[in-house]
Each structure stands twice: as structure tokens, then as C-alpha cells.
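Chemist: The numbering used here applies: residue 621 is where the sequence shown begins, and numbers increase by one. By construction, the Cβ of each residue, glycine as well, lies at the ideal position given by its N, Cα and C atoms. Note that this is a predicted model, so its numbers are computed, not measured. Here's a structure for you.
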Amino acid sequence: MPILSAHLPDGSQEPVEIRLRKQRRMILHVDAEEAYFWMSAPRTISMAKMQEFLDGKGAAWIMEQRERLRQIGERDTIPYRGYDCPLIYMEGPPSFSFDDGTFMITAPTYAEAESLFWDWWYGQIDDCIGRVLEWAKRMGTTVILRDLRLGPLKSAWGICYPEKCVITFSDRLYALPERLIDYIILHEVTHLVYPDHGPQFRAKMFELMLDWEERRRELKAESDHTAVIWPRQPG
């Protein structure tokens, strides 16, 4: 595919990959993840016309997108399953993706991008339900659970109400590493059978997770790191 260089107002040049297609007009694109520009153009248009467009109307757009890419280079991260995953936000029609450890969110406003994110984030409860059921099977006794929730808990990672057979997990749960997620889930599932932290509770925890006390200590060190999930708007 041919490459042309757009001559920009600041005196610099920007390479633009040309992709000829069956269409009527020239359209500039930017790949935010790979940080490069490309242009789709009609198969019948001349190279001279494409160069004229890039040096004229296209130049201002490229300058604007360059600034966006610079800001993306200073992008925020979201803690997810023990990793700091980059967040790339751009203005545009609503879209959400999470690929290769990177959140790519497009929305008309940053507030709407946040809404898209939390819709996806709370969908993690499906995974949570699966883990709860798996640990419940390993208990070796009947476990009754009537409701499972994610919520904005302030001072706890999970709360179990044995008399109601209800567990609420912090909505920060999936910011943690996998081993700590499992520890919290097992802890609350065990409370459905043993409401207090007495000998039976501890014995069952050791039976199912030999290093649970070590994981509990690790959890204390994660509290500050996972205090904020969605970052404040850049700038």
C-alpha cells in the first residue's frame, strides 16, 4: 500500500498509509492503539489529489489527532484482575472493547464513557457466580445461596448474611489479582455454613485453601491500589 506524507502547519510531516477502495470520497483515520494514520480513498483518484487533500483539509485534522495521541501516551490505567490495564478514551459514537489488556472506550463525553465501563464491569458478576458455585461444591456440605450482589462497599471486600443466605461483594473485587478474588469468595461462601470465625471456619478454610492466611495479608496491601477504579478525566 502506498504511503504519502502530509505537510503540517507546524512544519513537520506525518506519514499516511493509503488504502484504495470502492468509495466516493477521501476519509482520514487514526489507529489510536498503534498511533498511526491512514486514509481510505477512491480507486480512481490521483496521487496528486490525495496529496492536495492531506496538505490542506487533512492537515488540521491530523494535528488535532496528534494531540489526542499525545494525551493517550499519558493515559490512565484501570486495575483489573491484578494488572494495571491502559485506558484509551476518545470522543465519538459509543463503543467499548477490552482486548489484549487495554480498555478502548469511545463516547460523546467522558461521563458516558464511564457509564459504558461500569455496565461492563458489573457484568463481571457472572464470573463471580461461577466461582461461588464452584467453591460451594467443594464445601462438602449443603450450601444455600439465595442472592449474590456487587455493591460499593466502603470498608469490606465482602459481607455474608447467613440467615438470609445473601452475599454482597465489593464492586472493587475484580481489581484484585485472581488468587485474592478466590480468597474473598471462599471466605464469604464459608460463612454461609460457619457464620463466625471460630475453629470450624478456620478448619474449613485451611482444608480448601491452605495459604488463605497469606492471601489475607496480601489483601491488606492491595487496598490503596484498588481504592479508585475509574480514573478522573484527564486534564
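DSSP on M829, reduced to helix/strand/coil?
Modeler: As a first step, residue 829 is located in the sequence shown; it is residue number 209 there, counting from the start. DSSP places M829 in coil when its eight states are reduced to three.
Chemist: Measure the alpha-carbon distance for E672 versus P728 and round it to whole angstroms.
Modeler: On the sequence shown, residue 672 is found 52 positions in, with the first residue counted as 1. On the sequence shown, residue 728 is found 108 positions in, with the first residue counted as 1. So the two alpha carbons sit approximately 31 Å from each other.
Chemist: Out of curiosity, what's the CA-to-CA distance linking D630 and A661?
Modeler: The residue you call residue 630 lines up with position 10 of the sequence shown. The residue you call residue 661 lines up with position 41 of the sequence shown. Their Cα atoms are separated by approximately 25 Å.
Chemist: Measuring only the C-alpha atoms, how far is D767 from F789?
Modeler: Position 147 of the sequence shown holds residue 767. Position 169 of the sequence shown holds residue 789. Approximately 11 Å between the Cα atoms of the pair.
Chemist: How long is the line joining the alpha carbons of D831 and A680, rounded to whole angstroms?
Modeler: Position 211 of the sequence shown, counting from 1, holds the residue named residue 831. Position 60 of the sequence shown, counting from 1, holds the residue named residue 680. In a straight line, the C-alpha of D831 is about 58 Å away from that of A680.
Chemist: Can you name, in chain order, every residue of its own chain whose Cβ lies under 7 Å from the Cβ of R758, other than the five neighbours on each side?
Modeler: Here residue 758 refers to the residue found at position 138 of the sequence shown. Around R758: L828.
Chemist: Would you tell me roughly how many angstroms separate the C-alpha atoms of G855 and T697, rounded to the nearest one?
Modeler: The residue labelled residue 855 in the question sits at position 235 within the sequence shown. The residue labelled residue 697 in the question sits at position 77 within the sequence shown. The predicted position of G855 is uncertain, since its pLDDT is 48 and thus under 50; a value taken from the coordinates is nonetheless stated next. Those two C-alpha atoms are separated by around 15 Å.
Chemist: Around the C-beta of M667, are 16 or more other C-beta atoms found within 10 angstroms, so that it is buried, or is it exposed?
Modeler: Here residue 667 refers to the residue found at position 47 of the sequence shown. Classification of M667: exposed, given that the 10 Å Cβ count is below 16.
Chemist: Please give me, in chain order, every unbroken run of the alpha helix (DSSP H) with length at least 4 that falls completely inside the region 799 to 849.
Modeler: 819 to 828, 832 to 842
Chemist: Report the three-state DSSP secondary structure of A661 (helix, strand or coil).
Modeler: Taking the first residue of the sequence shown as 1, we reach residue 661 at position 41. Of the three classes helix, strand and coil, the one that applies to A661 here is strand, per DSSP.
Chemist: What residue range is occupied by the uninterrupted alpha helix (DSSP H) comprising G771?
Modeler: One-based indexing of the sequence shown puts residue 771 at position 151. Note, G771: premise wrong, no alpha helix (DSSP H); beta strand (DSSP E) at 767 to 771.
Chemist: Determine the DSSP secondary structure at I637, reduced to helix, strand or coil.
Modeler: Position 17 of the sequence shown, counting from 1, holds the residue named residue 637. Ile is not the amino acid found at residue 637; the sequence shown has Glu there. Here E637 sits in strand by DSSP.
Chemist: Contact defined as beta carbons within less than 8 Å: I believe G712 pairs with T726. What is the distance between those atoms, to the nearest angstrom?
Modeler: The sequence position of residue 712 within the sequence shown is 92, counting from 1. The sequence position of residue 726 within the sequence shown is 106, counting from 1. G712 to T726, Cβ: 4 Å. Contact.
Chemist: Whose CA, out of E808, L793, K774, lies closest to the CA of V786?
Modeler: For the purposes of this step, residue 786 is taken as residue 166 along the sequence shown, with counting starting at 1. Of E808, L793, K774, the residue nearest in Cα terms is E808.
Chemist: Helix or strand or just coil, what does DSSP make of E711?
Modeler: Here residue 711 refers to the residue found at position 91 when the sequence shown is read from its first residue. It is a strand residue.
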